[in-house]
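Numbering (mature numbering (1 follows the signal peptide of the UniProt record, and there is no 0)), first residue to last: -22 to -1, 1 to 291. Just so it is clear, CB atoms sit at the ideal spot from N, CA and C, and this is done for glycine as well. Below is one structure, written out as structure tokens; the observations come after it.
Dropping the structure here:
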């Protein structure tokens, strides 16, 4: 199965690479791919969503928006190579689009090559303008970062936290994905005690939200990649965390709150702060120190015995 999925993804990239108008920040229309291996999660739709799911290409990567039907796409290791570990992969995109190639399929293929069963979660999103022209204008709208406030002494204080998003749809999708993997664990060669979740940007936020709020997911480990760094309330049974961000990422801003929270709670945490990489680097961009994070992640999984079946399994 994994070979078919991998071949399909590569064919998709090749088909559109010949039409590429340059890998730049311009948003280009893209025909919706067939996604023959995507499995419906049956979690319902999105309120006030009049637009159908559409895709576009930016920076050379395929991206989806106006997703109102959640799916899960398995990327299974080749026969004889599976080690039983599994990872739910949550792409990012500000909960308004999903970077399906850079932060989804490519990551899942890399995990499958390591013997890990990977599952790309295409979760439901907030509505965006139906037309690509209006969506592009919305994406390019001016944004002003909140200025730091000053306390009585005149010293700058951190800006207030933004209001909490409603992630009930996305959490329901993540829980449905986890439940499906558990229910089909034998078919997919998954050890249910070694199911983790990794996410990028907004996907990192969903990974953290699932960890802190889900009553049904029992994640063995998590990997928030260039996600928010603010402090959180850590459950006593929180899973080990592998966290990655670059100093030139706008989400970093010198914060270590989530790392300190995990550490103070006495839960295992590994943190990689890279000199450069920016935001949205996926598996890596040319000439960036952050390009080795995936190797470090696999090593971390190995050292913590997530790639080895527990005795009795």
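- The bridge partners DSSP lists for residue 75 are 43.
- Only exposed fits residue 118, as fewer than 16 other CB atoms lie within 10 angstroms of its CB.
- Excluding the 5 residues flanking it on each side, residue 32 has same chain C-beta neighbours closer than 7 Å at 10, 43 and 44, in chain order.
- In the three-state reduction of the DSSP assignment, residue 237 falls in the helix class.
- Note on the region 189 to 268: whole beta strand (DSSP E) runs with a minimum of 3 residues are 200 to 203, 219 to 224 and 247 to 252, in chain order.
- Ranked by Cα distance from residue 78, the options 21, 241, 191 and 180 are led by 180.
- Distances from the alpha-carbon of residue 275 to those of 254, 187 and 261 put 261 closest.
- Within the same chain, 220 and 278 come within 6 Å of residue 248 by CB-CB distance, once the 5 residues on both sides are set aside.
- The C-beta of residue 115 has fewer than 16 other C-beta atoms within 10 Å across all chains shown, which makes the residue exposed.
- Residue 176 places its beta carbon less than 7 Å from that of residue 65.
- By the criterion of a C-beta distance shorter than 8 Å, residue 72 is surrounded in its chain by 179 and 180, once the five residues flanking it on both sides are discounted.
- Secondary structure at residue 22: coil, using DSSP grouped into helix, strand and coil.
- One thing to note: residue 213 has its Cβ no nearer than 7 Å to the Cβ of residue 200.
- Separation of residue 285 and residue 198 (C-alpha to C-alpha, rounded to the nearest whole angstrom) is 11 Å.
- Counted as a single uninterrupted DSSP element, the beta strand (DSSP E) harbouring residue 49 occupies residues 49 to 53.
- In the DSSP assignment, residue 99 forms a beta bridge with 50.
- Within its own chain, the residues whose Cβ lies closer than 8 Å to the Cβ of residue 245, once the five positions on either side in sequence are excluded, are 212, 216, 217, 218 and 219, listed in chain order.
- The three-state reading of DSSP puts residue 106 in coil, since its state is none of H, G, I, E or B.
- Here residue 94 has 63 and 65 as same chain residues with Cβ atoms under 6 Å from its own Cβ, once five neighbours each way along the sequence are excluded.
- When DSSP states are grouped into helix, strand and coil, residue 279 belongs to the helix group.
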